[in-house]
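Have a look at the structure below, then the notes.
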Amino acid sequence: MAVRFTRVDLTAYPVDAGRRGQLHQGFCQSGPLDLYAFSLANLLCGQQGATAIEFIGGLGMEFTAPAVVSVTGPAAEITLDNQLHQSWQSIQVNAGQQLIVAPARIGSKHYLAIQGGFEFPRVVGSASMVKREQLGGLHNDGKPLKAGDEVVVASVASAQKLPDALPAQLIPDYQPDARVGLVPGYQHDWLSPLQWQRLLNSEYTITPQVDRMG
């Protein structure tokens, strides 16, 4: 089966667990920015670590065959043929149906998983896309998905019982203001003590120019 994307408002790209252990060859780890949301999206589809779609902004798609999908991340309006559905739950779709996700807050990242997982070219052991390195993506050119793209879904061996929805207490409370952890890297001594103080005690605003690097 396949999924045809009918709407990509800002950006959408494949992610999986990432390229671990390849930094010495110049490949960044990549993978999902919100590992929890990515992992739970797959869990709701009865799998672990399958390639999913990480996206910012609205996303629309049409299915060529029955499927099970899930959408995780901050609040969003999810409609399947104009019928409302909740995020953080398994959603059964039929062939020909259209699913539309409209995030409530611009700039927030969401995850779309599908039972079986999306099939994208794997490079250095991962299907994660890295725009800067022109790596991954539907045509392995580092370009995000666009309206009209059709992505194949891996076949599922057999039907299985899936969780209907994630318990409310396990859904993160996504707040517009958040503390961000910082782990000093090998260039930490490039900053003076005063610069470190400013770095750790300042407030930051995310602008529309944000990408996966910052």
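Going by the numbering used here, the first residue of the sequence shown is number 7, and it counts up by one from there.
We put the beta carbon where it would ideally sit given N, CA and C, even for glycine.
Along the alpha helix (DSSP H) that carries residue i, what are the first and last residues, could you check?
| i | result |
| --- | --- |
| L41 | 41–49 |
Whose C-alpha, out of the options, is nearest the C-alpha of residue i?
| i | options | result |
| --- | --- | --- |
| Q175 | W94, V21, G191 | W94 |
| D40 | R25, Q201, W202, F61 | F61 |
| G142 | F126, E156, L206, D155 | F126 |
| L168 | Y42, P38, C34, L50 | L50 |
| Q103 | E139, A73, T17 | A73 |
| D179 | Y42, V21, D22 | Y42 |
Might you give, ordered along the chain, the residues of its own chain that have their beta carbon closer than 6 angstroms to the beta carbon of residue i, omitting 5 neighbours on each side?
| i | result |
| --- | --- |
| A47 | A58, S76, T78, Y117, A119 |
| G123 | A56, T57, A160 |
| G66 | T12, R13, I106 |
Tell me whether the beta-carbon of residue i lies closer than 8 angstroms to the beta-carbon of residue j.
| i | j | result |
| --- | --- | --- |
| A108 | E68 | no |
| R5 | G131 | The structure shown has nothing for residue 5, since the chain only spans 7 to 220. |
| V157 | A8 | yes |
| V129 | N146 | yes |
| R13 | I106 | yes |
| V136 | G148 | yes |
| L151 | F44 | no |
| Q89 | A171 | no |
| D22 | A133 | yes |
What are the boundary residues of the beta strand (DSSP E) that residue i is part of?
| i | result |
| --- | --- |
| R13 | 8–14 |
| P199 | Run containing P199: none in the beta strand (DSSP E); it sits in the alpha helix (DSSP H), 199–206. |
| S76 | 73–78 |
| P20 | 17–21 |
| G66 | 65–69 |
Below 7 angstroms CB to CB, which residues in the same chain sit around residue i once its five sequence neighbours on both sides are set aside?
| i | result |
| --- | --- |
| A71 | M7, A101 |
_Start-end ranges of the beta strand (DSSP E) lying completely within the stretch 107–151, minimum 3 residues_ = 115–120
*Identify every run of the beta strand (DSSP E) within the stretch 153–181, keeping only runs that are complete inside it and at least 3 residues long; order them along the chain.*
156–158
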